[in-house]
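Student: Residues in the sequence shown are numbered from 1 upward in steps of one, following the UniProt record's numbering.
We treat Cβ as the ideally placed atom computed from N, Cα and C, and that holds for glycine.
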Amino acid sequence: MSAKTIIVTGASRGHVEPLQKLKEQYNKQVEVLNGDLADLSIGQKAVDLALKSFGRLDGMVLNHGVLGQVGKIAQADPEQWKHGFDIKAGLPALRETKGKLVFTSSGAAVSAYRGWGLYGATKAAMNHLALSLGEEEPDVTTISIRPGMVDTEMQRELREDHATTLEPQVHSKFTTVHKEGKLLKPEQPGHVMAKLVLDGPKELSGKFLS
1 MSAKTIIVTG
11 ASRGHVEPLQ
21 KLKEQYNKQV
31 EVLNGDLADL
41 SIGQKAVDLA
51 LKSFGRLDGM
61 VLNHGVLGQV
71 GKIAQADPEQ
81 WKHGFDIKAG
91 LPALRETKGK
101 LVFTSSGAAV
111 SAYRGWGLYG
121 ATKAAMNHLA
131 LSLGEEEPDV
141 TTISIRPGMV
151 DTEMQRELRE
161 DHATTLEPQV
171 HSKFTTVHKE
181 GKLLKPEQPG
191 HVMAKLVLDG
201 PKELSGKFLS
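1. What residue from Leu91, Leu19 and Leu118 has the CA that sits closest to Leu51's CA?
2. Could you have a look at Gly59 and say whether DSSP puts it in helix, strand or coil?
3. Enumerate, from N- to C-terminal direction, the unbroken alpha helix (DSSP H) stretches of 4 or more residues contained entirely within the segment 111–175.
4. Does Leu61 pass the burial test, meaning 16 or more other C-beta atoms within 10 Å, or should it be called exposed?
5. Just to confirm before moving on: does the CB-CB distance between Met149 and Leu183 stay below 9 Å?
6. Under 8 Å by Cβ, that's how I've got Asp139 and Lys179 pegged, so tell me the actual separation to the nearest angstrom.
7. Express the C-alpha separation of Ile87 and Gly43 in angstroms, rounding to a whole number.
8. Tell me, to the nearest whole angstrom, how far the beta carbon of Lys4 is from that of Asp58; I am working on the premise that it is less than 8 Å.
9. In the DSSP assignment, what are the bridge partners of Val8?
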C-alpha cells in the first residue's frame, strides 16, 4: 500500500514544538506551511505544496478552530466571518485519489449559546458544506465530526479570557471539566480523525458524527 498524503490545517495553534519534532523525525515526509487563514490563497498554496512534494493528495483534515469574536451577533465585526479555507482548491486532486475530507465541527453547530453566534454559525455552515459535498462529489468522502471537549488552546481562552463575556453557567462548565481532568487529550479525537481521513467508509459521506 502506497503512502498517503494528508493536509492538516490549524496545526500551528499552540503546537509549534510538536510540529518541529515531527519535522525533525520525519523530515522527508512532512512539509510545514505557515499562513494566515484570512488569506484565502493559503488553500491553493497548501495543495500545490502537497502535489509538488509528494505527487498526490489523499485527504484533508480541516482542523483550524478559531473561536473568533465572543459577543452578540448584532455587535459582530463582519471581518470575523471571512476566515476560512478554500476547499475547492483540493477537490480536483482528491477526486483523482478518491480521497477523504474531514471537518472538525462542534456541538455549537447544533446548539445555541449566547455570544457564540459567529462560531456556531460557521460550524453549522461547515456541517452543511459536508452534507452538500457528500451529494455533489461522488468520488470524495466528506465527513464532519464533533470531537468533544478537548484540552486545546481554545479551551484555555474560554476559561481565562472570556470569564466576563460568557454566561456564568457556561463559563463554570468549562472551568469545572478542566479542574476535574475531564477534558479529552488532543490525541484521543486525533486518532479517530486520522482513521477517518485514511479509511473513512463512503457510507459516512455527508454525515455529522458526534
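Tutor: In short:
1. Residue numbering aside, residue 51 sits at position 51 when the sequence shown is read from its first letter. It is Leu91 whose Cα lies nearest to the Cα of Leu51.
2. Counted from its first residue, the sequence shown places residue 59 at position 59. Gly59: strand per DSSP, three-state reduction.
3. 117–136 and 153–161
4. Walking along the sequence shown from the start, residue 61 turns up at place 61. It should be pointed out that residue 61 corresponds to Val in this sequence rather than to Leu. It is buried - the Cβ of Val61 has at least 16 other Cβ atoms within 10 Å.
5. Stepping through the sequence shown from its first residue, residue 149 is reached at position 149. Stepping through the sequence shown from its first residue, residue 183 is reached at position 183. Cβ distance < 9 Å, so Met149 and Leu183 count as in contact.
6. In the sequence shown, residue 139 corresponds to position 139, counting from 1. In the sequence shown, residue 179 corresponds to position 179, counting from 1. In fact, because the Cβ distance is near 47 Å, the residues do not count as touching under 8 Å.
7. Counting from 1 along the sequence shown, the entry for residue 43 is found at position 43. Counting from 1 along the sequence shown, the entry for residue 87 is found at position 87. Near 7 Å, if we compare the C-alpha coordinates of Ile87 and Gly43.
8. Counting from one through the sequence shown, the residue named residue 4 turns up at place 4. Counting from one through the sequence shown, the residue named residue 58 turns up at place 58. With a Cβ gap of about 4 Å, Lys4 and Asp58 count as contacting.
9. If you number the sequence shown from 1, residue 8 lands on position 8. Paired residues: Val61.
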